[in-house]
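Using our numbering, read the sequence shown as starting at 28 and increasing by one per residue.
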Amino acid sequence: MWKYILKRIIALIPVIVGVTLIVYFIMSLAPGDPATTILGDQATPEAIAQLREEMGLNDPIIIQYARYMLHLARGDMGTSYKTKKPVSIEVFSRFPATAKLSVMAITFSTILAIPLGMLAAVKQNSFFDGASMIFALLGISMPIFWFGVLEQLLFSLKLGWLPSSGNDYWYSIILPAIALGFHNIASVARITRSSMLEVIRQDYIRTARSKGVPYGTVIRRHALRNALIPTVTVLGIQIGALLAGSTLTETVFAWPGMGRFMITSISGRDIPSVLGCIIIFTLCFSVVNLIVDLAYGFIDPRIKGQY
Numbered sequence: 028m029w030k031y032i033l034k035r036i037i038a039l040i041p042v043i044v045g046v047t048l049i050v051y052f053i054m055s056l057a058p059g060d061p062a063t064t065i066l067g068d069q070a071t072p073e074a075i076a077q078l079r080e081e082m083g084l085n086d087p088i089i090i091q092y093a094r095y096m097l098h099l100a101r102g103d104m105g106t107s108y109k110t111k112k113p114v115s116i117e118v119f120s121r122f123p124a125t126a127k128l129s130v131m132a133i134t135f136s137t138i139l140a141i142p143l144g145m146l147a148a149v150k151q152n153s154f155f156d157g158a159s160m161i162f163a164l165l166g167i168s169m170p171i172f173w174f175g176v177l178e179q180l181l182f183s184l185k186l187g188w189l190p191s192s193g194n195d196y197w198y199s200i201i202l203p204a205i206a207l208g209f210h211n212i213a214s215v216a217r218i219t220r221s222s223m224l225e226v227i228r229q230d231y232i233r234t235a236r237s238k239g240v241p242y243g244t245v246i247r248r249h250a251l252r253n254a255l256i257p258t259v260t261v262l263g264i265q266i267g268a269l270l271a272g273s274t275l276t277e278t279v280f281a282w283p284g285m286g287r288f289m290i291t292s293i294s295g296r297d298i299p300s301v302l303g304c305i306i307i308f309t310l311c312f313s314v315v316n317l318i319v320d321l322a323y324g325f326i327d328p329r330i331k332g333q334y
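Spelled out as structure tokens, the structure:
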């Protein structure tokens, strides 16, 4: 298993290089000048030209990217153009807020989605099955930012139960977590339902039932565990989607996380800050995928021997 983990960690290197290369070139081609962003619109052309020379912005893009990667290899993510602080400090000071929001969102969606999908499969073609799938379709169709605005209108402005933005209270996370996790309930519930329907039609389920084992026990001990592998796969993908979706959610709810910081950095053409956020998101997504692959072995021992 340790060799497998080591191979996956080494495989992160080309992934990070490829992602940063694409983002760096896209940000370099975007309108605006980093030197002007740093000095302001009132700066003289001479001062802007001098700063561009000092920052190496007159060099070819590939040279600038190679220089950035050399600094990154030493653990230096650069300095933010906007705040003048090291990007590593800016990113890691906001990462706990994003991680907290993502964990709460995935917990909320998992607690609701797996039982919903399981019951929809057990009660196939019933009213509950149809209603749950309509609920899932609604969750997939509704954009995160729109659902967040509806939450603010109802629970903050209309009812006054929860704050509409910020992170001042422990319950401030409720609305953004629900908005971020609601979209994922649909995907997880649908894949859980499909997987459960496939499993409960297997011969070993009928054998267990023929032995007189209660139906609820068969579902919990036999069917659910075997049906969880596709669900765990989707959950791993959804965690990566949560990190991406957090940019919209954090912007709508003014949540002080990495997503909101990245949006403001993109608007200000703060290339080092954008790259720092992208690198952390890429690492998180890769680590989550590794954990999901390892989780397969605990769910199904037959897979564990393949590592």
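Glycine included, C-beta positions come from ideal geometry on N, C-alpha and C. Nothing here was measured: the structure is a model prediction, and the numbers come from that model.
Report the partner residues of residue i according to the DSSP bridge assignment.
i      : result
Thr106 : Pro113
When you compare only the Cα positions, how much space is there between residue i and residue j?
i      : j      : result
Leu78  : Ala204 : 42 angstroms
Leu302 : Leu224 : 43 angstroms
Phe172 : Cys304 : 20 angstroms
Thr278 : Gly193 : 10 angstroms
Ser55  : Lys112 : 21 angstroms
Ala322 : Val261 : 13 angstroms
Ile138 : Phe174 : 20 angstroms
Thr258 : Ile218 : 6 angstroms
Val118 : Gly102 : 13 angstroms
Ile232 : Leu186 : 48 angstroms
Met82  : Arg287 : 26 angstroms
Ala38  : Gln265 : 21 angstroms
Thr134 : Tyr198 : 15 angstroms
Met160 : Met145 : 12 angstroms
Thr244 : Asp230 : 16 angstroms
Ile89  : Thr106 : 19 angstroms
Between residue i and residue j, is the Cβ-Cβ spacing less than 8 angstroms?
i      : j      : result
Leu128 : Gly284 : yes
Tyr108 : Leu48  : no
Phe280 : Leu184 : no
Leu16  : Ser273 : Limits of the chain in this structure are 28 at one end and 334 at the other, which puts residue 16 out of reach.
Ile306 : Ile36  : no
Ala147 : Arg220 : yes
Val215 : Ala140 : yes
Gly295 : Thr125 : no
Ala254 : Ser292 : no
Asn211 : Ser136 : yes
Met104 : Ser115 : yes
Ile6   : Ala57  : The requested residue 6 does not occur in the structure, where the chain is confined to residues 28 to 334.
So with Cβ pairs under 8 angstroms, would you call residue i a contact of chain C?
i      : result
Val319 : Absent from the structure is chain C; it holds one protein chain and no more.
Hey, out of the options, whose CA is closest to residue i's CA?
i      : options                        : result
Arg252 : Val44, Met160, Pro142          : Pro142
Thr309 : Ile40, Ser294, Asp86           : Ile40
Phe312 : Thr291, Gly286, Gly263, Trp282 : Gly263
Tyr196 : Leu186, Trp282, Tyr231         : Trp282
Pro87  : Arg287, Trp29, Tyr51, His210   : Tyr51
Gly84  : Phe209, Ser120, Gly59          : A small fix is needed here, since residue 84 is Leu in this sequence, not Gly. Considering only alpha carbons, the answer is Gly59.
Ala213 : Met169, Ala62, Lys150          : Met169
Ile246 : Asp230, Ile256, Val226, Gln265 : Val226
Thr110 : Ile256, Leu66, Gln179, Thr244  : Leu66
Ser191 : Ile89, Thr276, Lys30           : Thr276
Val149 : Ile32, Met289, Arg228          : Arg228
Any heavy atom of the ligand GDP within a distance shorter than 7 angstroms of the CB on residue i?
i     : result
Glu73 : This structure lacks the ligand GDP; in fact it carries no ligand of any kind.
Tell me, please, whether the segment 283-299 touches the segment 312-319 by the rule of three or more beta-carbon pairs shorter than 8 angstroms. Taking a cut-off of 8 angstroms on C-beta distances, the segment 283-299 does not touch the segment 312-319, as fewer than three cross pairs fall below it.
Under 8 angstroms, with one C-beta from each stretch per pair, do the segment 94-105 and the segment 64-75 reach the 3-pair mark? Touching, no.
Spell out a yes or no on whether the segment 231-241 and the segment 156-167 are touching, meaning 3 or more CB-CB pairs, one atom from each, closer than 8 angstroms. Touching, no.
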